[in-house]
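S.K.: Chains A and B are the protein sequences, given in the same order. Position one of the first sequence corresponds to residue 16 (our numbering), numbered consecutively onward. Position one of the second sequence corresponds to residue 3 (our numbering), numbered consecutively onward. Here a beta-carbon is modelled for each residue, glycine too, at the ideal position from N, C-alpha and C. A quick note: this is a predicted structure, and the numbers were derived from the prediction, not measured.
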Amino acid sequence: MIFTIFKKELIDTLRDKRTMRTMLLIPLLVFPITLTLFVNVSSSFEKKASEEKLKIGVWGDLGAKYWNQLEQMPAGLGKKELENFEDSSALKRAIEQGEIQLGLIVPKNEAELTRTKQSIPLTWLFDASSVGRQQRAESYMNFMSNKAEAIRLKELGVDVEKIHPLVPVYQNCASDKKMIGQLAGGFLPYIFIAFGFIGCMYPAIDLFTGEKERGTIETLLTTPVSRWQILVGKMMVVVTSGMLAASCALLGLFVSIEFLDIVQNKEILDIVHGILTPSFIIAMFSLLFPLVVFFAGAMIPIAVYAKSFKEAQSIITPLNFVMVLPAMIGFFPGIELNAMTAAIPVVNIVLSTKELISGTLSVGYYCISLGIMLLLATLSVIVSYRQFGNEARILN
Amino acid sequence: MIKVSHLRKEFELSRQQKKELNTTANKALAVDDLSFECQPGKVFSLLGPNGAGKTTTLRMLSTILSPTSGSIEIAGIDAVKYPQEARSKIGFLTGSTGLYARLTPLEIIDYFAALYQVPTKEKEERKKYLFDLLNMNDFLQKRIGKLSTGMKQKVSICRTMIHNPEVVIFDEPTSGLDVITAENIIKLIRDCKDQGKTVIFSSHIMSEVDLLCDDLAIVHKGQLKYNGQMSDFRQNMEASNLTEEFIRIVQR
């Protein structure tokens, strides 16, 4: 009987365009579209910035020295055109008006500072609201600074190694897999939780509040099917929808990585392939399933209580923030899965998935996380059952 | 057969309901000590003005609501103790019944036949009989959302009768329907009576009651004001017509 209800509700749900959009279409397309846009836009910005020919204004009595240095810069540091300025305020104004992109001010006492071997402050003027200007100034400055340093050390007859007695060598012992897990691992459970919630939302409202609103619930309740069977049949559709939405988001992400050249570094791509194994996907779904049941169990009592689709939507939408907010924990570095965090719902799923990606998930914490979520899912089902059995709520 | 004895139903009032009803009471009494019997092969009419407790009574008979006290027997089954068993004997149709707009009539009928656990052979026979009787064959594959009100009403009737129930409950079945569509319902009630089924229907339209019913009960503010045969009701009328007599009894 549960399967009969499940089958009918699933057909009904799959024929609803609004649900189909939120359950399949949006999760499936969101990553290919956003990632393609992001990659294309950022690479075009990078390309534009590197190809941009900057006009550099130089001011100062001894500007010629630096003019020559700038002219000798390697072509790899970007195209440029130099212009001499007689007045520092005119140079500033030209930058403000966008006629000049970078300005170099050489101090008047540059010769004296050079002679007495003191530091020479070189002032770079730029408009920080334009992308890449400061970076270009820094790369020029580094080049000139290294050159000046080498000359001065030579004049002093000092060996570079003598003034740097300690040379730090930082070696990262974490595997690349662990690094990806820690840096990007919070992202995956976040999208899963977000889409799992959205996927549950419309079917939950449609199958409970919608049925009340359309006047079909009364007929269903007069059939010789117990209320718990009706509830379970409907709940299975809500959970399936949440799982489908999350799976579609994962599929969209997989398609983006595999076919849209989002990840161009082959080593990282190999690591990603190594992470996305069937056992990883099974373990992740085992964590996600009780979470989605919990979502469904939290939404159904609201959907049963609400008298209209609008009312249900207005209560469930803010709930989205309450549920999805803890998922942001995954983005904070330093928060790790331990006995305490494994007992915090939603947070435990995020941290467990993060550790799962890194390959460092301990069986004990996995069991605690899973146990807590299963317990919560069971409680939410009980609350749903009680609300669904409440005759004052079930009929409008 | 339906046997109702000392039926009572109280509803807990929410804070909002108390405000709407302008009362401080925690409970509202919808049905107060109702007792009556509906015989097989006869049409029993439950009459009363709006808010009299008709729908609440019929919802208790169909086991959607549980009574606060009292007993209900449906086709020999104690409906309070065994609601699920009682429901398998009942066909329930209301004027406000909705249908699943995204399904076809055929899918809806198959769904309800499965919920009532109608054996396949019997289901096919009932489907053929009802589709022919109600002239439904032309729109079986169309989505409900695209059907006219009359077509939808036929689907509702077919859905109610697919499991060949012993007891049929109609809650204001013609409310909101035009005369031609309402005629399908009138015909269905007559057919049920001819087939020896127990029929109970609620209404506040006296012409319908006059046309169909054998026995009647009048309820007002949850209490039984009259219970007897229609022929006796007509014979003992003090007013000049049925509607005036109904009003006289309610206002007594």
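By how many angstroms is the C-alpha of Ala407/A removed from the C-alpha of Leu15/B?
M.R.: 9 angstroms
S.K.: If I follow the unbroken beta strand (DSSP E) through Arg10/B, where does it start and stop?
M.R.: 4–14
S.K.: Just by C-beta distance, which residues in the region 218–241 of chain A are closer than 9 angstroms to chain B?
M.R.: Glu226, Glu228, Arg229, Gly230, Thr231, Ile232, Glu233, Thr234, Leu235, Leu236, Thr237, Thr238, Pro239, Val240, Ser241
S.K.: Less than 8 angstroms between the C-beta atoms of Ser399/A and Tyr380/A, yes or no?
M.R.: no
S.K.: Using a Cβ-Cβ cut-off of less than 8 angstroms, give me the residues of the region 43–72 of chain B that come near chain A, in sequence order.
M.R.: Arg61, Ser64, Thr65, Ile66, Leu67, Ser68
S.K.: Just to confirm my understanding: we take Met88/A, look at its own chain, exclude 5 residues before and 5 after, and list those with CB closer than 8 angstroms. What are they?
M.R.: Lys95, Tyr155, Phe158
S.K.: Let me know the secondary structure DSSP gives Asp196/B once reduced to three states.
M.R.: helix
S.K.: His222/B lies in the beta strand (DSSP E); which residues open and close that run?
M.R.: 217–222
S.K.: Looking at the structure shown, is Glu39/B part of a helix, part of a strand, or coil, going by DSSP?
M.R.: strand
S.K.: Is there a C-beta anywhere in chain A that falls below 8 angstroms from the one on Tyr118/B?
M.R.: yes
S.K.: Helix or strand or just coil, what does DSSP make of Thr138/A?
M.R.: strand
S.K.: Please confirm whether Phe94/B has its beta-carbon closer than 8 angstroms to some beta-carbon of chain A.
M.R.: yes
S.K.: At the level of alpha carbons, what is the spacing between Glu226/A and Met258/A?
M.R.: 22 angstroms
S.K.: Pro175/B and Leu95/B: beta carbons closer than 8 angstroms?
M.R.: yes
S.K.: Could you compute how far the alpha carbon of Gln18/B sits from the alpha carbon of Tyr84/B?
M.R.: So the two alpha carbons sit approximately 33 angstroms from each other.
S.K.: What distance in whole Å lies between the Cβ atoms of Ile159/B and Leu190/B, which are believed to be in contact at a cut-off of 8 angstroms?
M.R.: Going by Cβ atoms, the distance from Leu190/B to Ile159/B rounds to 5 angstroms, so yes, they are a contact pair.
S.K.: Between which two residues does the beta strand (DSSP E) carrying Lys227/B extend?
M.R.: That run of the beta strand (DSSP E) goes 225–231.
S.K.: Leaving aside the five residues before and after Lys151/A along the sequence, list all residues of the same chain whose C-beta is less than 7 angstroms from its C-beta, in chain order.
M.R.: The sequence given here has Arg at residue 151/A, not Lys. Result list for Arg151/A: Leu69, Gly93, Leu117, in chain order.
S.K.: With DSSP as the reference, label Glu114/A as helix, strand or coil.
M.R.: coil
S.K.: Cβ closer than 8 angstroms: which chain B residues qualify as neighbours of Ser19/A?
M.R.: In the sequence as presented, Ser is not what sits at residue 19/A; that position holds Thr. In chain order: Tyr113, Ala116, Leu117.
S.K.: At what residues does the alpha helix (DSSP H) containing Ser301/A begin and finish?
M.R.: Run containing Ser301/A: 293–320, per the alpha helix (DSSP H) assignment.
S.K.: Which parts of the region 235–290 of chain A are runs of the alpha helix (DSSP H), unbroken and 4 residues or longer, counting only runs that do not cross its ends?
M.R.: 242–274, 281–290
S.K.: So is Asn363/A buried or exposed if we call it buried at 16+ other beta carbons inside 10 Å?
M.R.: buried
S.K.: Go ahead and label Asn186/B buried or exposed: buried means 16 or more other beta carbons lie within 10 angstroms of its beta carbon, across all protein chains shown.
M.R.: Counting Cβ neighbours within 10 Å, Asn186/B comes out buried, since at least 16 surround it.
S.K.: If you measure from the beta carbon of Ala354/A to each beta carbon in chain B, is any gap under 8 angstroms?
M.R.: no
S.K.: Return the Cβ separation of Lys107/A and Leu140/A in integer angstroms, given the expectation that the two are a contact with Cβ distance under 8 angstroms.
M.R.: 6 angstroms
S.K.: Taking Cβ-Cβ distances shorter than 7 angstroms, what residues in chain A pair up with Arg104/B?
M.R.: Asp27, Arg30, Asp31
S.K.: Measuring straight from C-alpha to C-alpha, what distance separates Ile74/B and Ala81/B?
M.R.: 6 angstroms
S.K.: Could you tell me which residues DSSP pairs with Ile146/B in its beta bridges?
M.R.: Answer is none; Ile146/B lacks a bridge partner.
S.K.: List, in order along the chain, the chain B residues whose C-beta lies closer than 8 angstroms to that of Lys446/A?
M.R.: Residue 446/A falls outside the range modelled here, since chain A spans only 16 to 411, and no answer is possible.
S.K.: Could you say which of Thr375/A, Ala90/A, Phe304/A, Val365/A lies nearest to Ala189/A if we only look at CA atoms?
M.R.: Thr375/A
S.K.: Run down chain A in chain order and give the residues with a C-beta less than 7 angstroms from the C-beta of Phe13/B.
M.R.: Within 7 angstroms Cβ-Cβ: Ala407.
S.K.: Pick out whichever of Val73/A, Asn55/A, Asn161/A, Trp243/A has its Cα sitting closest to the Cα of Leu275/A.
M.R.: Asn55/A
S.K.: Give, in chain order, every residue of the region 310–344 of chain A whose Cβ lies closer than 9 angstroms to some Cβ of chain B.
M.R.: Under the 9 angstroms Cβ criterion, the region 310–344 of chain A contributes no residue.
S.K.: Which runs of the alpha helix (DSSP H) fall wholly inside the region 316–373 of chain A and span at least 4 residues, in chain order?
M.R.: 324–339, 362–373
S.K.: Taking Cβ to Cβ, would you say Met62/B is nearer than 8 angstroms to Leu9/B?
M.R.: yes
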